[in-house]
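Taking it in order: structure first as structure tokens, then the write-up.
Residue numbers (the UniProt record's numbering), protein chains in the order written: chain A, 1 to 325; chain B, 1 to 325.
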């Protein structure tokens with residue numbers, strides 16, 4: 001008996017109980033084998049109710065992203081209009097980089113149900129189990145010089161936070177500099193921009209976005225649970241992933257157009273309004289050592305302006321934000 | 001008859017004339033075939049004197065870079081200490097990028113005698129014939145944030161110009177913003193930095209350097225001749241390529257250390273002292289359109305500060321410098 005035939009049988013009789021005895025007879029296998037296959041389907045995300053004397057009943061299927069479901073929801077003109085939807089991939093960043101090197105156009109998107117080597121900031125690995133999160137990479141070819149790249153890092157954080165707020169208005173989402181999204185101090189999303197440039201001219205930017213949409217507590221290690229949370233855990237609601245993807249792309253495209261037309265000023269205002277980093281004594285770990293000070297806001301380039309204990313000011317472009325308060 | 005056997009014969013009897021008849025007899029080919037092979041060797045850079053009745057004589061061999069010649073001249077601690085010397089390559093940038101992606105360390109160098117698809121700024125092709133120029137790429141992994149990359153572009157120009165001045169003190173070398181080296185307004189060298197970053201953190205920079213060392217007028221198209229010149233054409237001297245490579249690496253390493261210790265200020269001073277761009281009305285073609293103004297100097301980030309006709313100031317990070325004066 002293959003699991004698809006058990007699944008086929010349960011799907012055919014959806015809503016009904018099918019007894020173990022009947023399944024065993026129809027598929028020609030032992031009742032123990034039936035039970036093992038039921039466990040396997042459950043591990044893949046199917047929900048199967050087992051009631052003594054009545055048998056098994058299919059009550060839920062794993063969520064899968066499909067183009068059929070996603071495309072009607074897209075309201076963008078170019079973002080996500082070239083789209084690759086993959087089942088399993090090492091990392092959507094690597095996949096999209098290959099496309100970028102071959103000349104793929106701005107707005108090209110790679111989404112994966114599962115990443116086997118998802119990457120986060122500073123080369124850290126990123127938990128990206130199948131069917132529960134949003135793991136995707138978006139290609140930008142902005143006509144801005146290389147030193148302004150940090151502005152796009154901040155723009156991405158604003159776009160994601162606005163899209164999530166639109167879908168789950170009850171959640172209060174804060175941005176930790178430069179682009180982590182937090183709910184109650186716990187990370188719900190990570191953004192990683194990889195850029196390639198020739199001299200001062202950006203060739204492309206690949207915006208990697210990971211949103212812990214419907215992950216359950218058991219998807220996290222104990223250590224991660226103290227620092228990370230999913231949208232489902234935080235809101236109590238299962239997130240419609242394709243609706244959220246469409247919202248992210250829409251917000252991102254709108255803000256990106258605004259940025260290209262009006263520059264960084266409006267993005268800066270939106271970022272600062274959602275920041276949880278400003279105004280609090282903070283430790284910043286830079287490649288040159290730890291800086292302690294109070295972040296005051298962003299500068300014109302997208303750097304973080306810090307007031308140092310001696311009252312002087314300094315701008316930081318690259319750091320990990322550590323303990324604050 | 002293969003050309004190596006003709007070459008072997010001429011090398012064996014170096015300094016002597018070998019008659020066409022004898023060559024023809026020893027190699028068992030016609031005299032026309034001998035003549036054709038002589039032409040082929042000449043095209044590869046061998047100089048062969050042909051005197052009626054006396055025959056052929058080898059008077060010069062193409063210059064070839066060898067590790068035996070180069071390594072004793074290196075005075076660096078890390079730059080060029082990992083070195084790949086290739087005969088023909090599509091582009092040293094592509095070759096080094098593969099090494100960089102596999103984790104090659106800072107200072108790794110790729111040199112090629114010839115590039116089949118050498119690249120210059122803005123995706124332009126770059127003339128890089130065999131044995132006459134210096135075509136090489138150097139790997140940096142600077143612990144500086146992405147927005148400071150332009151400073152390294154400027155540092156590279158200073159390093160190259162100082163190395164060339166050291167070898168050919170009579171030449172007056174100017175830097176056209178950001179990093180073209182000129183003699184009498186004609187380009188002698190091009191630099192192309194390709195950088196890869198994750199968020200604000202530079203992963204690596206590949207510094208491509210092309211120095212038109214011993215190119216002859218006939219190596220340039222007529223159009224290029226009005227804009228470019230080789231060190232040999234400008235100075236009347238044949239350049240010792242391995243000595244110049246060693247000088248570039250030494251200057252580069254020294255300035256790079258200085259930069260990491262003291263920041264951009266000393267590099268800025270050196271760059272401004274050699275600039276031919278400052279103080280003259282200049283057209284700058286940016287991705288957002290043409291800017292006309294007078295470049296005044298560099299800012300702290302490495303941008304070019306321009307005074308506009310209305311007296312206001314503006315900083316440019318990415319542009320082609322056009323007509324000036």
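C-beta: ideal position from N, C-alpha, C; glycine also.
What is the rounded straight-line gap between the Cα of residue 1 of chain B and the Cα of residue 64 of chain B?
Note that residue 1 of chain B scores 41 on pLDDT, short of 50, meaning its location in the model is unreliable; the coordinates nonetheless yield the value given after this. Spanning the two alpha carbons is a distance of roughly 24 Å.
Select from the stretch 304–315 of chain B all residues with a C-beta closer than 7 Å to any C-beta belonging to chain A, and list them in chain order.
Of all residues in the stretch 304–315 of chain B, none has a Cβ within less than 7 Å of some Cβ in chain A.
Hey, residue 318 of chain B and residue 286 of chain B are a contact pair by Cβ (cut 8 Å); roughly how many whole angstroms apart?
Going by Cβ atoms, the distance from residue 318 of chain B to residue 286 of chain B rounds to 6 Å, so yes, they are a contact pair.
Tell me the DSSP secondary structure of residue 301 of chain B in three-state form.
Three-state result, residue 301 of chain B: coil.
Is the separation between the beta-carbon of residue 85 of chain A and that of residue 67 of chain A shorter than 8 Å?
Going by C-beta atoms, residue 85 of chain A is nearer than 8 Å to residue 67 of chain A.
What does a CB cutoff of less than 6 Å around residue 75 of chain B pick up in its chain, not counting 5 residues either side in sequence?
Excluding residues within five positions, the ones whose Cβ falls inside 6 Å are 250.
Specify whether the stretch 195–211 of chain A and the stretch 188–198 of chain B touch according to this definition: at least 3 beta carbon pairs, one from each stretch, less than 8 Å apart.
Cβ pair count under 8 Å is three or more, so yes.
Have a look at residue 179 of chain A and residue 94 of chain B and give me their C-alpha separation to the nearest angstrom.
In a straight line, the C-alpha of residue 179 of chain A is about 32 Å away from that of residue 94 of chain B.
State the Cα-Cα distance for the pair residue 248 of chain A and residue 162 of chain A, rounded to the nearest angstrom.
The alpha-carbon atoms of residue 248 of chain A and residue 162 of chain A are separated by roughly 8 Å.
Could you say which of B/300, B/102 and B/253 lies nearest to residue 77 of chain B if we only look at CA atoms?
Taking only the C-alpha atoms, the option nearest residue 77 of chain B is B/253.
Can you tell me which of A/92, A/310 and A/303 puts its alpha carbon nearest to the alpha carbon of residue 293 of chain A?
Per the Cα distances, A/310.
Please report the distance separating the alpha-carbon of residue 22 of chain A from that of residue 41 of chain A.
In a straight line, the C-alpha of residue 22 of chain A is about 18 Å away from that of residue 41 of chain A.
For residue 149 of chain A, is the classification buried or exposed, using 16 other Cβ atoms within 10 angstroms of its Cβ as the cut-off for buried?
Its Cβ being crowded by 16 or more others within 10 Å, residue 149 of chain A is buried.
Check whether the stretch 163–179 of chain B touches the stretch 233–244 of chain B, counting contact only when three or more Cβ pairs, one atom from each stretch, lie closer than 8 Å.
Enough Cβ pairs lie closer than 8 Å, so yes.
Whole-angstrom Cβ separation of residue 187 of chain B and residue 228 of chain B, contact assumed at under 8 Å?
Between residue 228 of chain B and residue 187 of chain B the Cβ distance is about 5 Å, and since that is below 8 Å, they are a contact.
Let me confirm a value: residue 140 of chain B is counted as buried when at least 16 other C-beta atoms fall within 10 Å, else exposed. Which label applies?
With 16 or more other Cβ atoms within 10 Å, it is buried.
Could you tell me which whole alpha helix (DSSP H) segments of length 4 or greater appear in the stretch 121–197 of chain B?
Runs found: 149–167.
Out of B/274, B/166 and B/16, which has the shortest C-alpha to C-alpha gap to residue 185 of chain B?
Taking only the C-alpha atoms, the option nearest residue 185 of chain B is B/274.
May I ask whether a heavy atom of the ligand PLP can be found less than 7 Å away from the beta carbon of residue 173 of chain A?
Inclusion of the ligand PLP in the displayed structure is not the case, the ligand content being empty and no account of it being possible.
Skipping 5 residues on each side, what residues in its chain have a beta carbon closer than 6 Å to that of residue 31 of chain B?
Result list for residue 31 of chain B: 20 and 24, in chain order.
Go through its chain and collect everything with a Cβ distance to residue 325 of chain B's Cβ below 6 Å, but skip five positions before and after it.
The predicted model places residue 325 of chain B with a pLDDT of 49, which falls under 50 and marks its position as unreliable; any figure quoted below should be read in that light. Correct list, in chain order: 280.
Output, in chain order, the set of chain A residues within a Cβ distance shorter than 9 Å of residue 113 of chain B.
Result: empty, since nearest Cβ-Cβ is about 24 Å, beyond 9 Å.
Leaving out five residues on either side along the sequence, give the residues of the same chain with a beta carbon under 6 Å from the beta carbon of residue 132 of chain B.
Here the set comprises 214 and 215.
Using a C-beta cutoff of 8 Å, does residue 317 of chain A count as contacting chain B?
Yes, contact with chain B.
Over the uninterrupted beta strand (DSSP E) stretch that includes residue 115 of chain A, give me the two end residues.
109–115 is the span of the beta strand (DSSP E), which, as asked, contains residue 115 of chain A.
For residue 199 of chain A, go through chain B and note every residue whose CB falls closer than 9 Å to its CB, in chain order.
Within 9 Å Cβ-Cβ: 121, 122, 149, 150, 153, 178, 179, 191, 192, 193, 194, 195 and 318.
Cβ of residue 258 of chain A less than 8 Å from any chain B Cβ?
Judged by the 8 Å Cβ criterion, residue 258 of chain A is not in contact with chain B.
Would you list, in chain order, the members of the stretch 70–83 of chain B that have their beta-carbon closer than 9 Å to a beta-carbon of chain A?
Flagged: no residues at all.
Look up residue 228 of chain A in the DSSP assignment and give the residues it is bridged to.
Partner(s): A/187.
Would you mind telling me which residues of chain B sit closer than 8 Å to residue 146 of chain A, beta carbon to beta carbon, in chain order?
146, 147, 149, 150, 195, 317 and 318, listed in chain order.
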